[in-house]
Amino acid sequence: MSLIDNPPQPINKAEGRLSRPSVVARARQDNFARRSFFTFTLLPVLLILIVTIALLVRSWPILQAYPLSDLLFGDVWRPSDGQFGFWPFILGTFWVTTVGVVFAVPACLLTSIYLAEYAHARLRSIAKPVLDLLAAIPPVVYGVWGLVAIVPFVDKVLAPLSDRWLGSVPIFSVNQPTGFGILAAGIVIAVMIAPLIISVMYEIFSTVPNDLRHASLAVGATQWQTIRNIVLPQVAPGILAAIVLGASRALGETIAVLMVVGNIPQVPTSIFDSAYPLPALIANNYGEMMSIPLYDAALLSAALVLLVVILIFNILSILVIQRMRSRKWA
Amino acid sequence: MGLMKKKWERRHLVEAFMKIIMQVSLFIVTGALGLILWIVIVRGLPSLSWDMVTKIPEGGYYMGKGGGILNAILGSLYLASGGTFLAMVFSVPIALYLKTYLGDSKWGHYVRLSLDVLWGIPSIVYGAFGFTLMIALGIRASLLAGIIILALIELPIMTRAMDEIIRRMPVDLEHAALALGSTKFEVAMRVVTRQMLPGITTAILLGFGRGIGDAASVLFTAGYTDRIPTSLMRPTASLPLAVFFQLGSPYPEVQQRGYAAALILTIIVLAVSLGSRWLSARLNKYTIK
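As given, the protein sequences belong to chains A and B, one line each in that order. Taking our numbering, the leading residue of the first sequence gets 1, the next gets one more, and so forth. Taking our numbering, the leading residue of the second sequence gets 331, the next gets one more, and so forth.
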C-alpha cells in the first residue's frame with residue numbers, strides 16, 4: 001500500500017484530540033499572557049513607591065506643622081502638649097542596632113568562614129538546617145526567650161560584672177539595674193540577625209574561585225593566612241554589605257525588642273540603660289493615636305523615617321551583594 | 331637530607347587558635363537555637379493543656395480563670411493561610427514571568443531587586459502602611475485587612491524562593507520545548523510549572539511560617555478579639571499577639587499561658603519549616619536536573 005492509495009486524512013477539528021489551536025491563536029494567547037504577567041511584575045516595583053507615598057501623605061500634616069529638624073532632633077516627647085521630638089527614639093534605635101551588630105558580626109564572620117572554608121560537607125548539612133530553623137523562629141518567641149533568659153542574665157550576671165570592672169566607663173555604667181535595656185535587646189537582636197548575616201557571608205565566600213586558594217596554599221601559606229590575605233580582601237565589600245543588611249533588619253525589629261528594651265523615652269548614656277526604639281514607639285501607641293491631634297501623623301512619620309533609612313541600607317547592600325555574585329573572575 | 335620536619339611557627343599557632351574560636355562561634359550560634367527551644371519548652375509545657383487548644387477565653391480568662399486560646403490559634407491559621415493564598419496568586423505568575431520572559435534582562439533585574447528590597451522592609455512599616463490603607467478604604471481592623479498585609483509581607487519571600495529554584499532548571503529543557511515550536515507561555519505552563527513544583531511547596535510553607543509568626547503588622551490590621559472570626563470583616567486574634575498580651579499581664583497564671591501559647595506557636599513554625607525541607611527533598615526527585 002502506498003501513500004497515493006491512502007492519502008493522509010486532513011485532521012478533523014471535530015475529533016478534538018488531534019486538533020491544535022492554530023498558530024495565530026497560540027501567538028495571541030502568548031501575547032496576552034506576556035502582557036498580563038507583566039502587569040503582575042509591576043506590583044513589587046510599585047509597592048515600594050506606594051508604601052513610601054502613603055506614609056508620606058499621612059505624615060504630611062506634622063511635617064507641615066514642624067520643621068523636620070525639630071522632629072528629628074527634638075528631645076521632648078509629649079504628644080498631648082504637641083511636642084514630638086524623635087531624638088530619644090532615634091538614639092534608642094541606633095544603640096540597640098549598634099549593640100546587636102557588634103555582638104553579631106564577629107560570631108557571624110567566624111562562623112561563616114568556618115562553614116565556607118573549613119567545615120566538611122557533613123557539618124555543613126547539619127549547620128544549614130539549624131540556621132534555617134533559627135531564622136524561622138517568630139520574633140515574639142525571641143522576645144519570650146529574651147524576657148526569660150537574657151534579661152535576668154543581664155541583670156544578675158553582666159550588670160554586676162560590669163559594675164565591678166567597668167563601672168567608671170560611662171557607657172558601661174549600671175544606672176538602672178533591671179536587666180531591661182539596650183544590652184538585653186542587643187543580645188536578642190544579635191541572635192535574630194545572625195542567620196541572615198551568616199547565609200549572605202557564606203554565599204559571598206563561596207564565590208571566590210578555588211584557584212586563588214590553591215595558589216596560596218601551594219606556596220606554603222596556612223589556611224588562615226590564605227583566608228586573611230587572599231580570600232578576605234576579595235570579599236571585603238560583600239562582608240560589609242552583609243553587615244549593613246543585618247543592621248537594616250535590626251533597625252526594624254519590633255516585638256522582640258519591645259519586650260526586653262524597657263521602653264523609657266530617654267537619651268541613653270550606657271548600654272545598661274533602658275531605651276525606646278522607633279518601632280516600639282509605633283507599636284505601643286497605635287491604640288491611642290487617633291485621640292490626640294497630629295499623633296497619628298507623628299507615629300506614621302516615625303514609620304516613614306524608619307522606612308527611608310532601611311530602604312537606603314537595603315538597596316546599597318543588595319546592589320553590592322549582587323555585584324559580588326555576578327563577578328567575573330579572569 | 332632527612333625528612334623535612336614541620337617547624338612550628340607563630341602562624342601555625344594562629345591557625346590552630348583561629349580554628350578553635352571559629353568552632354566556638356559556630357557552637358554559640360547553633361547553640362542559641364537549642365537554648366531558645368529549651369526555654370520555650372520548659373516554660374510552656376507545664377501550662378499546656380487540652381483546654382488551651384480547644385477552648386476560647388471564658389469570662390475572667392485574663393484574670394486567671396478558665397478557657398483557652400483557640401481563638402488565637404484559629405485566627406492565626408486563617409490569617410496565615412489567607413495571606414499565603416493571596417500571595418501565591420501573585421507570586422506564581424511573577425516567578426514564571428521572571429523565568430520565561432525576563433531571564434536576566436534589565437527589567438528582570440529591577441523586579442528581583444525590588445523584591446529583595448521589599449523583603450527587607452520591616453513588618454511594623456507594613457503595619458503602618460496597612461493602617462493608612464484601612465483609613466483610605468474606610469475599613470476597620472479585620473481578618474481581611476490582616477490577610478492583605480500578610481500577603482504583601484509574604485509576596486517577596488515566596489516569589490524569590492520560587493525564582494531561586496526555577497533558576498536552576500536546565501536551559502536545555504526550555505530550549506527543547508521552544509525548538510519544538512512551543513510559545514513561551516506554553517513553556518511556562520507545561521515545562522516550568524512542573525519543574526517549579528518543589529519550589530512552590532517550599533515557598534508556600536516558607537510564606538506561611540513567616541505569616542503565622544508576624545506580630546507587628548497584625549497588631550495594626552487584624553486587631554484582637556476573644557471570638558473566633560466568622561467573617562472576613564471581623565477582627566481576629568492571632569498567636570503572636572496572644573503571647574505578647576498575656577505576657578504583659580500582671581497575673582502569673584495568665585503569663586504562664588503566654589508561655590504555653592509561645593510553645594504552640596513554636597511547634598507550628600518548626601513543623602512547617604521541617605515539613606518544607608522534607609517535602610521539597612521528596613518532590614525534587616521528580617524534577618529534571
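The C-beta atom is built at its ideal place from N, Cα and C for all residues, glycine as well. Nothing here was measured: the structure is a model prediction, and the numbers come from that model.
Beta-carbon neighbours of residue i, restricted to chain B and to distances below 9 Å
{"i": "A:A283", "result": "I454, G457, A545, A546, L549, F550"}
{"i": "A:N229", "result": "What A:N229 touches in chain B: nothing, since even the nearest Cβ is about 11 Å away."}
{"i": "A:A121", "result": "Neighbours of A:A121 on chain B: none; closest Cβ ~15 Å, over 9 Å."}
{"i": "A:I48", "result": "S444, V447, L448, I451"}
Three-state secondary structure (DSSP) of residue i
{"i": "A:G262", "result": "strand"}
{"i": "A:A119", "result": "coil"}
{"i": "A:K13", "result": "Annotation note: pLDDT 48 at A:K13 (below 50); position unreliable, coordinate value reported separately. Here A:K13 sits in helix by DSSP."}
{"i": "A:A27", "result": "helix"}
{"i": "A:T275", "result": "Residue identity differs from the one stated: residue 275 of chain A is Ala in this sequence, not Thr. Three-state result, A:A275: strand."}
{"i": "B:N614", "result": "helix"}
{"i": "B:L343", "result": "helix"}
{"i": "A:P106", "result": "helix"}
{"i": "B:G433", "result": "coil"}
{"i": "B:Y554", "result": "coil"}
Whole-angstrom distance between residue j and residue i, CA atom to CA atom
{"i": "A:A14", "j": "B:V522", "result": "Only weak support exists for where A:A14 lies, its pLDDT of 49 falling under 50; the coordinates are left without a value."}
{"i": "B:P582", "j": "A:A136", "result": "28 Å"}
{"i": "A:P237", "j": "A:S317", "result": "9 Å"}
{"i": "A:I48", "j": "B:S547", "result": "16 Å"}
{"i": "A:I227", "j": "B:I530", "result": "38 Å"}
{"i": "A:V96", "j": "A:R26", "result": "57 Å"}
{"i": "A:P61", "j": "A:A297", "result": "6 Å"}
{"i": "A:L158", "j": "B:V584", "result": "29 Å"}
{"i": "B:M488", "j": "B:R442", "result": "12 Å"}
{"i": "B:M348", "j": "A:R213", "result": "17 Å"}
{"i": "B:I451", "j": "A:V141", "result": "20 Å"}
{"i": "A:R122", "j": "B:T596", "result": "27 Å"}
{"i": "A:P129", "j": "A:I113", "result": "17 Å"}
{"i": "B:E504", "j": "B:G511", "result": "11 Å"}
{"i": "B:A438", "j": "B:L549", "result": "Contrary to the premise, residue 438 of chain B reads as Gly rather than Ala in this sequence. Each residue's Cα considered, the two are about 34 Å apart."}
{"i": "A:F73", "j": "B:L375", "result": "47 Å"}
{"i": "A:A184", "j": "A:G220", "result": "45 Å"}
{"i": "A:L319", "j": "B:S444", "result": "11 Å"}
{"i": "B:D434", "j": "B:G460", "result": "33 Å"}
{"i": "B:L467", "j": "A:I239", "result": "43 Å"}
{"i": "A:P160", "j": "A:P177", "result": "9 Å"}
Beta-carbon neighbours of residue i, restricted to chain C and to distances below 7 Å
{"i": "A:G252", "result": "No chain C is part of this structure, whose protein chains are labelled A and B."}
Proximity of residue i and residue j at Cβ, strictly below 7 Å
{"i": "A:I182", "j": "A:I271", "result": "yes"}
{"i": "B:A545", "j": "B:L485", "result": "no"}
{"i": "A:A107", "j": "B:S355", "result": "yes"}
{"i": "B:G476", "j": "B:T551", "result": "yes"}
{"i": "A:A303", "j": "B:A458", "result": "yes"}
{"i": "B:T555", "j": "B:A567", "result": "yes"}
{"i": "A:V244", "j": "A:L91", "result": "no"}
{"i": "A:I193", "j": "A:A104", "result": "yes"}
{"i": "B:L409", "j": "B:L480", "result": "yes"}
{"i": "A:I321", "j": "A:A256", "result": "no"}
{"i": "B:S406", "j": "B:I542", "result": "yes"}
{"i": "B:P528", "j": "B:L604", "result": "no"}
{"i": "A:F180", "j": "A:V151", "result": "yes"}
{"i": "B:I496", "j": "B:M526", "result": "yes"}
{"i": "A:L71", "j": "A:F86", "result": "yes"}
{"i": "A:F40", "j": "B:F420", "result": "yes"}
{"i": "A:F89", "j": "A:Y276", "result": "yes"}
{"i": "B:L404", "j": "B:T384", "result": "no"}
{"i": "B:A590", "j": "B:S411", "result": "no"}
{"i": "A:L300", "j": "A:S80", "result": "no"}
{"i": "A:D30", "j": "B:F357", "result": "no"}
Proximal residues of chain A, C-beta to C-beta of residue i below 7 Å
{"i": "B:D446", "result": "I318"}
{"i": "B:Q353", "result": "Y114"}
{"i": "B:E345", "result": "T222, Q223, W224"}
Near the ligand SAH: residue i beta-carbon under 6 Å from a heavy atom
{"i": "A:L281", "result": "Although the ligand SAH was asked about, the structure shown includes no ligands whatsoever."}
Listed by chain order, chain B residues near residue i by CB distance under 7 Å
{"i": "A:R58", "result": "T462"}
{"i": "A:A107", "result": "S355, I358, V359"}
Contacts that residue i makes with chain A (C-beta to C-beta distance below 9 Å)
{"i": "B:K514", "result": "D30, A33, R34"}
{"i": "B:R373", "result": "V144, V148"}
Chain-ordered chain A contacts of residue i [CB-CB under 8 Å]
{"i": "B:Y431", "result": "R34, F37, F38"}
{"i": "B:H342", "result": "T222"}
{"i": "B:V584", "result": "Here the premise fails: no neighbours, minimum Cβ distance about 14 Å."}
Within chain B, the residues that residue i reaches when beta carbons sit closer than 8 Å
{"i": "A:A27", "result": "T513"}
Next item on the list: With a floor of 4 residues, list each alpha helix (DSSP H) that falls wholly inside the stretch 38-95 of chain A, ordered by position along the chain.
Entry: If we require 4 residues or more, the alpha helix (DSSP H) runs fully inside the stretch 38-95 of chain A come out as 68-73.
Check: What are the start and end residues of each continuous alpha helix (DSSP H) run of 4 or more residues lying completely inside the stretch 359-428 of chain B, in chain order?
Finding: List check, alpha helix (DSSP H) in window: 380-384, 400-427.
Check: Going along the chain, which unbroken runs of the alpha helix (DSSP H) with 4 or more residues stay wholly within the stretch 184-267 of chain A?
Finding: DSSP runs (the alpha helix (DSSP H)) wholly in the stretch 184-267 of chain A: 210-218, 223-226, 232-252, 255-260.
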